[in-house]
Amino acid sequence: MLMEWLEPAIEKRTWEVLEICEDENKELISIFTQKINELKNKMPASISKELNELEEIFIQKNLVVRTAYRIGFEDGVKVITNK
Numbered sequence: 324m325l326m327e328w329l330e331p332a333i334e335k336r337t338w339e340v341l342e343i344c345e346d347e348n349k350e351l352i353s354i355f356t357q358k359i360n361e362l363k364n365k366m367p368a369s370i371s372k373e374l375n376e377l378e379e380i381f382i383q384k385n386l387v388v389r390t391a392y393r394i395g396f397e398d399g400v401k402v403i404t405n406k
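Numbered according to the working numbering, the sequence shown terminates at residue 406, and the numbering increases by one at each position without gaps.
Next comes the structure, spelled out in C-alpha cells:
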C-alpha cells in the first residue's frame with residue numbers, strides 16, 4: 324500500500340534522476356552522436372539502418388537509471404520497515 328501511494332512521486336523522481344545522469348553524460352552523448360553521424364556520411368545507405376539501431380541502443384541504455392533508482396528506493400524502504 325505504501326508503494327502504491329508513493330508511486331507518482333517515485334515515477335517523477337526517476338525521470339529527474341535520468342535527466343541528471345543525461346546532463347552528466349552530455350559530452351559523451353555528443354561525441355557518440357557525432358561519431359555515428361560521421362559514419363553515416365561515409366557508409367552506404369544500406370548500413371544507415373544498423374547505425375540508427377546502434378544509436379537507439381546507446382540512448383535506451385540510459386533508461387537503466389530508472390530501474391536502478393527504483394531498486395535503490397525499494398531497498399531503502401525495506402531497510403526502514405524492517406527495523
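The beta carbon of each residue, even a glycine, is placed where N, CA and C say it ideally should be.
Here the structure is a predicted model, which means the values were calculated and not measured.
At which residues does the alpha helix (DSSP H) containing L377 begin and terminate?
A368 to Q383
Assign N348 to one of three DSSP states: helix, strand, or coil.
coil
Between the region 365-377 and the region 387-399, are three or more C-beta pairs nearer than 8 Å?
The region 365-377, when compared against the region 387-399, does not touch it at the 8 Å Cβ threshold.
Are any of the Cβ atoms in chain B nearer than 8 Å to that of N360?
Any reference to chain B falls outside this structure, which holds one protein chain only.
Less than 8 Å between C-beta atoms, sequence neighbours within five positions excluded: which residues of the same chain meet that for L374?
Shown here for L374: same chain residues with a beta carbon closer than 8 Å to its own, the five before and five after excluded, namely I359, L362, K363 and M366 in chain order.
For N360, name the three-state secondary structure that DSSP assigns.
helix
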